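J.: Protein chains in written order, with this note's numbering: chain X, -4 to 195; chain R, 40 to 242; chain H, 39 to 215.
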Amino acid sequence: MGPLVLNGFISSNWNLLIAVFIGMAFGFLLESSGFSSSRNIAGVFYGYNFVVIRVFFTAVIVAMVGLLYMGYFGWVNLSQIFILPTFLPSMITGAVIMGVGMIIGGFCPGTSFTAITIGKIDALVFAIGLYIGIFFFAEGYPFLEKFYLSANLGHVTLADVTGISLGWWALIFTVFALASFWITASIEKKVRKRIKDYKF
Amino acid sequence: MNRNYYILTAIMLILAIGTVFIHERKYTSELPASELLWDILQPSRFVTTDQVAKRIIEKDPSLLLIDVRPASEYNKFSLPNAVNVPFDSIETATGQQYFGNPGTKVVLFGDDGILANRVWILLRRLDLKNNYVMRGGLNEWIETIIQPKRPKQTDPEISFEQYNFRRAARLYFTGAKVVTGNMKKEKVVFKKRKRAAVAAGGC
Amino acid sequence: MENSIKKNNEKYINPYLGGVLLGIVMLISIFISGRELGISGSVRNTVVETAKVISPKAAENSTYYKKFLKKDTSPMSNWLDYEVLGVFLGGLLSGILFKRIKKPFIEHGKSITAKRRLIYALIGGILFGFGTRLGRGCTSGAALSGASTFSYGGVVVMFVLFGSAFAVAYFFRKLWV
Chain X
-4 MGPLVLNGFI SSNWNLLIAV FIGMAFGFLL ESSGFSSSRN IAGVFYGYNF
46 VVIRVFFTAV IVAMVGLLYM GYFGWVNLSQ IFILPTFLPS MITGAVIMGV
96 GMIIGGFCPG TSFTAITIGK IDALVFAIGL YIGIFFFAEG YPFLEKFYLS
146 ANLGHVTLAD VTGISLGWWA LIFTVFALAS FWITASIEKK VRKRIKDYKF
Chain R
40 MNRNYYILTA IMLILAIGTV FIHERKYTSE LPASELLWDI LQPSRFVTTD
90 QVAKRIIEKD PSLLLIDVRP ASEYNKFSLP NAVNVPFDSI ETATGQQYFG
140 NPGTKVVLFG DDGILANRVW ILLRRLDLKN NYVMRGGLNE WIETIIQPKR
190 PKQTDPEISF EQYNFRRAAR LYFTGAKVVT GNMKKEKVVF KKRKRAAVAA
240 GGC
Chain H
39 MENSIKKNNE KYINPYLGGV LLGIVMLISI FISGRELGIS GSVRNTVVET
89 AKVISPKAAE NSTYYKKFLK KDTSPMSNWL DYEVLGVFLG GLLSGILFKR
139 IKKPFIEHGK SITAKRRLIY ALIGGILFGF GTRLGRGCTS GAALSGASTF
189 SYGGVVVMFV LFGSAFAVAY FFRKLWV
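1. Should G128 of chain X be labelled buried (16 or more other beta-carbon atoms within 10 Å of its own) or exposed?
2. Could you give the uninterrupted runs of the alpha helix (DSSP H) lying entirely in the segment 44 to 120 of chain X, keeping only those of 4 residues or more?
3. Could you tell me the distance, in whole angstroms, from the CA atom of E130 of chain R to the CA atom of H62 of chain R?
4. Can you tell me which of X:S85, X:R49, X:I123 puts its alpha carbon nearest to the alpha carbon of K141 of chain X?
5. Kindly say whether A122 of chain X, judged by its beta-carbon, lies nearer than 7 angstroms to any beta-carbon of chain R.
6. Please compile the residues from chain R whose C-beta is within a distance smaller than 7 angstroms of the C-beta of A165 of chain X.
7. Assign P142 of chain H to one of two classes, buried (16 or more other C-beta atoms within 10 Å of its C-beta) or exposed (fewer than that).
8. Would you say V125 of chain H reaches chain X, if we count a Cβ-Cβ gap shorter than 7 angstroms as a contact?
9. Considering V107 of chain R, what are the terminal residues of the alpha helix (DSSP H) in which it resides?
10. Output, in chain order, the set of chain H residues within a Cβ distance shorter than 7 angstroms of A20 of chain X.
11. Note down, in chain order, every chain X residue with its Cβ under 7 angstroms from the Cβ of A238 of chain R.
12. Does T112 of chain X get closer than 7 angstroms to chain H when you measure Cβ to Cβ?
13. Terminal residues of the continuous alpha helix (DSSP H) containing Y171 of chain R?
14. Beta strand (DSSP E) containing G149 of chain X: first to last residue?
15. Rounded to the nearest angstrom, what separates L144 of chain X and T157 of chain X at their Cα positions?
16. Who are the Cβ neighbours of D150 of chain R in its own chain at under 7 angstroms, not counting the five residues just before and after it?
17. Taking all protein chains shown into account, do 16 or more other C-beta atoms lie within 10 angstroms of the C-beta of Q75 of chain X, making it buried, or fewer, making it exposed?
18. So, does the segment 135 to 152 of chain R touch the segment 105 to 121 of chain R, judging by three or more C-beta pairs under 8 angstroms?
19. Find the residues of chain A that neighbour I77 of chain H, judging by a C-beta separation of less than 7 angstroms, and give them in chain order.
20. For the segment 126 to 155 of chain R, which residues have a beta carbon sitting closer than 8 angstroms to at least one beta carbon of chain X?
21. Would G128 of chain H and M93 of chain X be called neighbours here (beta carbons separated by less than 7 angstroms)?
22. Just to confirm my understanding: we take S7 of chain X, look at its own chain, exclude 5 residues before and 5 after, and list those with CB closer than 7 angstroms. What are they?
23. For chain R, find out if any of its Cβ atoms is closer than 7 angstroms to the Cβ of G3 of chain H; answer yes or no.
24. With F60 of chain R as the anchor, note down where its beta strand (DSSP E) starts and where it stops.
25. Following the continuous alpha helix (DSSP H) through F197 of chain H, name the residue where it begins and the one where it ends.
26. I96 of chain R to G152 of chain R, Cα distance in whole Å?
27. Suppose you measure from the CA of G220 of chain R to the CA of N2 of chain X; what does that come to, to the nearest Å?
28. When the distance is taken between beta carbons, is A55 of chain R closer than 7 angstroms to V60 of chain X?
29. Quick one, which of H:V195, H:Y102, H:A207 has its alpha-carbon nearest L79 of chain X's?
30. Quick check: what's the CA-CA separation for W163 of chain X versus G192 of chain H?
31. To the nearest angstrom, report how far apart L55 of chain H and V50 of chain X are at their CA atoms.
32. Within the 7 angstroms Cβ cut-off, does S162 of chain X reach chain H?
33. Keeping to the same chain, check which residues put their C-beta closer than 7 angstroms to that of Y113 of chain R; ignore five residues upstream and five downstream.
34. May I ask you to report which of helix, strand or coil DSSP gives T111 of chain H?
35. Curious, which full-length alpha helix (DSSP H) runs of at least 4 residues does the segment 139 to 185 of chain X contain?
36. Check whether the Cβ atoms of L63 of chain X and T58 of chain R lie closer than 7 angstroms to each other.
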């Protein structure tokens, strides 16, 4: 039956109101999980705070496993949902740049927006930076277009690329994520003994 | 560590292992026979020629008329703004795009009611909804709308109202725009929608 | 964990609970709208809109803006904008509920000044913004949502993004530790 909007159960005008509520839940969870602090986010890369890994991977595995069950019970037609298209060269480059930007800036777009709401000026500056960065990209697009659109694989999933079914991939990711939770918990304990100025 | 974390880890693992054994549901979307039979028995799937005429005159934007007769007969005569989908091309992709669009009511018609009725059952079996059959087809259309019979004096008043409506409708359909074989048919423009809509998205 | 909350005076919800709820929000979004969460696309929309206001002609001639100007007729194109509006409201709600809203302030590590933190935040933002366009989305739109729907590109972005951050983390440790 789902996605409800695409199959005519809900009109597309309601869709926008629903978008606000979904965004609210998203923003609430980001803020209340502690993503509004850049030190919490950056902490994952120095081993003193793994909250990012925990929230992120838990969300991914819950969504992955949940999606497959929803498809199985016939609640969602999996062929109708949006799958991010794959353009390997530009996406890898973009991800490398984003990683560096995350370490320097301490936020990612979503977390910076929630941090603005609780009054962080650094988050506001980061968001202005985002705006400028995208503006640079738009202006430089004629030079980047070829690279941007190269090696278009289309809307492919892991199963399309590897031939291993999505169920196995969900299991692999779940095992990987659960293992990382247990390992990071012990790393955190050791590292936190060494750092004194940061309150946990 | 907390004992709850052991339990949660185990639950998550079991759920994930479960996904390996389930298979994605195939969306061939064929209606089970019992449901099909139930739907066939519903009289609401038929519409009368009067109802169709009224909708056409009102220029109902959600109405889509589908002529299921062969193209040669469609070119001779059809209802205004009807689209020709011959019954043998219902199952093709071009034929399918007209059916099951949300917000559109499809009225099927042929020379009599039989062909359109068959097409309706075929469509319903493919789990496509919002289709209706014009009872009696074009024969009934001619008899009721184009050449309405004057009611007898003994008939109830509602027959006279119906007759007046039909006369007015007749004027509408034959007076202003006569659709005959000699006239060049205008191409019907219909906003097509892809059947299985895929969500647009992206960050 | 219990101890740390008291020491920090910050009430964060359990990260695993947050993660599960976030996953469920994602599933609800997919169930209702067929699409996933995202942020950076909305910033792009803002850039496109500004370009349209400042110089409509230049925007129409630019190959990049043109792609998004056309889409304006479809109501789905601003789904993200509404969602991001919700993100602000949701963040605000959580800030009020957990009493984290303060006067505007700058959070920075002990070894750097507030001014340097702002400069770094700006540079980081510019890099991140540029990267989101190449990567077809940010941490939420590409990595989180992409990986959740098993998108090949999404999974690649997720690992490369975190990997790249880990790789350069050592050089910027002064900022955070």
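All residues carry an ideal CB built from backbone N, CA and C; glycine is no exception. None of the values given here were measured: they were computed from a predicted structure.
T.: Taking the structure as given:
1. Start at 1 with the first residue of the first sequence, and residue 128 of chain X comes out as number 133. Buried: at least 16 other Cβ atoms inside 10 Å.
2. 46 to 67, 83 to 100, 104 to 112
3. Taking the first residue of the second sequence as position 1, residue 130 of chain R is located at position 91. Taking the first residue of the second sequence as position 1, residue 62 of chain R is located at position 23. Each residue's alpha carbon lies about 27 angstroms from the other.
4. Position 146 of the first sequence holds residue 141 of chain X. Of the candidates X:S85, X:R49, X:I123, the one whose C-alpha sits nearest the C-alpha of K141 of chain X is X:S85.
5. As a working note, residue 122 of chain X is residue 127 in the first sequence. By this cut-off, A122 of chain X is not an interface position.
6. One-based indexing of the first sequence puts residue 165 of chain X at position 170. Chain R residues near A165 of chain X: A55, T58.
7. Within the third sequence, the letter at position 104 stands for residue 142 of chain H. Exposed.
8. Position 87 of the third sequence, counted from the start, is the residue given in the question as residue 125 of chain H. So yes, V125 of chain H belongs to the interface.
9. Reading the second sequence from its first residue, position 68 is the one you call residue 107 of chain R. Segment: none, V107 of chain R is in no alpha helix (DSSP H) and carries neither H nor E.
10. In the first sequence, the residue the question calls residue 20 of chain X occupies position 25. V63, G128, listed in chain order.
11. Reading the second sequence from its first residue, position 199 is the one you call residue 238 of chain R. Going along chain X in sequence order, the residues near A238 of chain R (Cβ under 7 angstroms) are P(-2), L1, Q75, I76, F77.
12. Counting from one through the first sequence, the residue named residue 112 of chain X turns up at place 117. T112 of chain X counts as touching chain H.
13. Residue mapping note: residue 171 of chain R aligns to position 132 of the second sequence, counting from 1. First-last for Y171 of chain R: 170 to 173, but that is the beta strand (DSSP E), not the alpha helix (DSSP H).
14. For this step, residue 149 of chain X is matched to residue 154 along the first sequence. Here the beta strand (DSSP E) through G149 of chain X covers 147 to 149.
15. Position 149 of the first sequence, counting from 1, holds the residue named residue 144 of chain X. Position 162 of the first sequence, counting from 1, holds the residue named residue 157 of chain X. Cα to Cα, the separation comes out at about 22 angstroms.
16. The residue labelled residue 150 of chain R in the question sits at position 111 within the second sequence. The answer, listed in chain order, is R108, G176, L177, N178.
17. The residue you call residue 75 of chain X lines up with position 80 of the first sequence. Buried is the call here.
18. The segment 135 to 152 of chain R, when compared against the segment 105 to 121 of chain R, does touch it at the 8 angstroms Cβ threshold.
19. In the structure shown, chain A cannot be found, because the protein chains are X, R and H.
20. P141, G142
21. Here residue 128 of chain H corresponds to residue number 90 of the third sequence, with the count starting at 1. Here residue 93 of chain X corresponds to residue number 98 of the first sequence, with the count starting at 1. Cβ atoms of G128 of chain H and M93 of chain X: not closer than 7 angstroms.
22. On the first sequence, position 12 is the one that residue 7 of chain X refers to. V0, listed in sequence order.
23. This structure cannot settle anything about residue 3 of chain H, because the visible part of chain H is limited to 39 through 215.
24. Here residue 60 of chain R corresponds to residue number 21 of the second sequence, with the count starting at 1. First-last for F60 of chain R: 42 to 60, but that is the alpha helix (DSSP H), not the beta strand (DSSP E).
25. Within the third sequence, numbered from 1, the residue matching residue 197 of chain H stands at position 159. Element bounds for F197 of chain H: 190 to 207.
26. Counting from one through the second sequence, the residue named residue 96 of chain R turns up at place 57. Counting from one through the second sequence, the residue named residue 152 of chain R turns up at place 113. About 22 angstroms.
27. Position 181 of the second sequence holds residue 220 of chain R. Position 7 of the first sequence holds residue 2 of chain X. With a pLDDT of only 41 at G220 of chain R, under the threshold of 50, the placement of this residue in the model should not be trusted; the figure read from the coordinates follows. Distance between the alpha carbons of G220 of chain R and N2 of chain X: 40 angstroms.
28. Position 65 of the first sequence holds residue 60 of chain X. Position 16 of the second sequence holds residue 55 of chain R. Yes; because the gap between Cβ atoms is below 7 angstroms, this pair is in contact.
29. In the first sequence, the residue the question calls residue 79 of chain X occupies position 84. Closest by alpha carbon: H:V195.
30. Within the first sequence, the letter at position 168 stands for residue 163 of chain X. Within the third sequence, the letter at position 154 stands for residue 192 of chain H. Near 17 angstroms, if we compare the C-alpha coordinates of G192 of chain H and W163 of chain X.
31. As a working mapping, residue 55 of chain H is identified with position 17 in the third sequence. As a working mapping, residue 50 of chain X is identified with position 55 in the first sequence. Cα to Cα, the separation comes out at about 8 angstroms.
32. The residue given as residue 162 of chain X occupies position 167 in the first sequence. First, the residue type needs correcting, since residue 162 of chain X is Gly and not Ser in the sequence shown. Chain H contact via Cβ: absent.
33. The count along the second sequence starts at 1 and reaches residue 113 of chain R at position 74. The residues are D106, N123.
34. By one-based count along the third sequence, residue 111 of chain H stands at place 73. Because T111 of chain H carries a pLDDT of 47, less than 50, the predicted location of this residue cannot be relied on, and no value is offered for it.
35. 153 to 157
36. The residue given as residue 63 of chain X occupies position 68 in the first sequence. The residue given as residue 58 of chain R occupies position 19 in the second sequence. Yes, the pair counts as a contact, with Cβ atoms nearer than the cut-off.
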